[in-house]
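Q: For the sequence shown, position 20 (counting from the first letter as 1) is numbered 447 according to the working numbering, and the numbering increases by one without interruption.
Glycine residues also receive a C-beta, built at the ideal position from the N, C-alpha and C atoms.
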Amino acid sequence: MDRHGPRVYFADAFETLGALATGAASSVAYAWIGIIAALTYTLAGFAREQVCTWMCPWPRLQGAIWDPEALTVNYRDYRGEQRISAKKAEELRKNGQAAGDCVDCFQCVAVCPIGIDIREGPNFACINCGLCVDACDSVMTKLSRPSGLIAYESWANVERGRAGQPPLRRVLRPKTLGLLALVVAFACGLGIALQHRSTGSITVFHDRNPMWTTLSSGKIRNGYTLRITNKTGVLQRLTVTLQESDLALTLVGPSPLPIEPGVTIDVRAMVTGDVGQATAVTFEAREGGKVVLSATDRFASPPS
Ligand code: SF4
Ligand code: SF4
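Following this line, the structure appears as structure tokens:
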């Protein structure tokens with residue numbers, strides 16, 4: 428029985444740090460650190476907001492799930508326009524005239540990581556971080572004006588505000604219900620897939636040279652290597668048999684086969700049959716009497 432350890436995808440952080448410092452880490456570790464550092468420097472140092480706008484899938488996703496009732500960061504233009512300086516706005520208000528709340532200070536644009544001017548309307552590249560909301564609220568507070576000139580608000584409510592209508596909250600809409608149904612369907616699919624996930628794998632390698640040997644009894648013997656992997660987190664004890672067949676199986680190794688979690692083993696198997704009995708042969712691995720893995724190959728024999 429030949430045993431392979433689990434494939435290592437992750438290395439211990441502290442051990443790797445020590446190995447990196449002493450130059451003993453693998454070349455793969457140094458290469459990946461170099462690649463990730465170069466990518467980070469390029470994306471965060473040069474590409475910056477272009478990454479958010481052109482590379483990030485979020486704008487595409489937001490475009491697909493957005494509708495006018497969606498709660499996103501918006502500028503209440505019916506309150507902010509016409510833009511005017513704080514001093515002039517105060518004078519107009521003193522004279523009983525209307526004045527917009529936006530003082531065109533550009534604080535909302537300056538803080539935006541993507542460089543959006545949200546006053547120009549909804550923007551699909553907006554990540555709804557709310558930095559412009561906070562920046563504008565602090566400007567409004569300093570000017571003793573109500574906060575919320577930029578706020579989490581639906582575009583439909585901005586349009587209602589323009590028409591002098593009160594805001595509405597419509598949480599249950601065809602799009603939200605459809606998206607909810609999709610999420611539930613995906614969650615169910617994931618749950619079913621997890622329930623039916625394979626607990627391991629078995630692969631059969633038929634000996635090539637020779638395909639068969641003739642025993643002194645006249646019987647024909649084929650040799651196979653069974654590669655069995657335990658994908659569970661517990662020790663498996665597998666009993667390997669042949670599916671209903673006139674062929675006889677001899678395994679080289681203990682039965683049941685103990686297989687540690689995450690480990691792959693190679694087991695030699697000999698199958699004996701009669702001359703001319705070329706047929707399919709199915710190996711089954713059972714645990715607790717239940718077939719958990721199976722694989723089919725050919726039993727080769729000279730013609731009778
Ligand atoms: S919410 Fe964030 S990303 Fe969107 S416009 Fe405001 S600051 Fe920019
Ligand atoms: S922070 Fe507010 S007041 Fe200043 S430009 Fe933006 S919307 Fe206008």
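1. So what does Asn649 bridge to, in DSSP terms?
2. Taking the CB atoms as reference points, tell me whether Asp504 and Met567 lie closer together than 8 Å.
3. Considering only heavy atoms of ligand 1, does any lie closer than 7 Å to the CB of Cys532?
4. Identify, in the order they occur along the chain, each residue of the same chain with its Cβ nearer than 8 Å to the Cβ of Leu662, setting aside the five sequence neighbours on each side.
5. For Val536, which residues in the same chain have their Cβ closer than 6 Å to its Cβ, ignoring the five residues on either side in sequence?
6. If you run the structure through DSSP and keep just helix, strand and coil, what is Thr449?
7. Report yes if the C-beta of Leu558 is less than 7 Å from at least one heavy atom of ligand 1; otherwise report no.
8. Residue range of the beta strand (DSSP E) that Arg664 falls in?
9. Which value, in whole angstroms, describes the spacing of the CA atoms of Val718 and Ile655?
10. Taking C-alpha atoms, which residue in Gly588, Ile554, Tyr651 lies nearest to Asn636?
11. Can you give me the start and stop residues for the alpha helix (DSSP H) that Glu586 sits inside?
12. Is Cys553 closer than 8 Å to Thr499 when the C-beta atoms are compared?
13. Which same chain residues, not among the five before or five after Lys646, have their C-beta less than 6 Å away from its C-beta?
14. Going by other Cβ atoms of all chains shown within 10 Å of its Cβ, with 16 needed for buried, is Ala516 buried or exposed?
15. Going along the chain, which residues of its own chain have a beta-carbon closer than 6 Å to the beta-carbon of Thr677, five neighbours each way excluded?
A: Checking against the coordinates, here is how it stands:
1. For Asn649, which the question treats as bridged, DSSP gives the partners Val698.
2. Taking 8 Å as the cut-off, the Cβ atoms of Asp504 and Met567 do not count as close.
3. Ligand 1 has no heavy atom closer than 7 Å to the beta-carbon of Cys532.
4. So the qualifying residues of the chain are Pro685, Ile686, Glu687, Pro688.
5. Cβ contact annotation for Val536 (same chain, cutoff 6 Å, sequence separation greater than five): Asp544, in chain order.
6. Of the three classes helix, strand and coil, the one that applies to Thr449 here is helix, per DSSP.
7. Relative to the non-hydrogen atoms of ligand 1, the Cβ of Leu558 comes within a distance shorter than 7 Å of at least one.
8. In the DSSP assignment, Arg664 falls within the unbroken beta strand (DSSP E) covering 663-669.
9. Roughly 14 Å between the two C-alpha positions.
10. When each option's Cα is compared against that of Asn636, the closest is Tyr651.
11. Its alpha helix (DSSP H) spans residues 582-589.
12. Against a cut-off of 8 Å, the Cβ pair of Cys553 and Thr499 comes out as a contact.
13. Its chain contains Thr699 as the residues whose beta carbon lies nearer than 6 Å to that of Lys646, once the 5 sequence neighbours on both sides are disregarded; these appear in chain order.
14. Ala516 comes out buried.
15. Beyond the five residues adjoining it in sequence on each side, Thr677 comes within less than 6 Å, by CB distance, of Met697 in the same chain, given in chain order.
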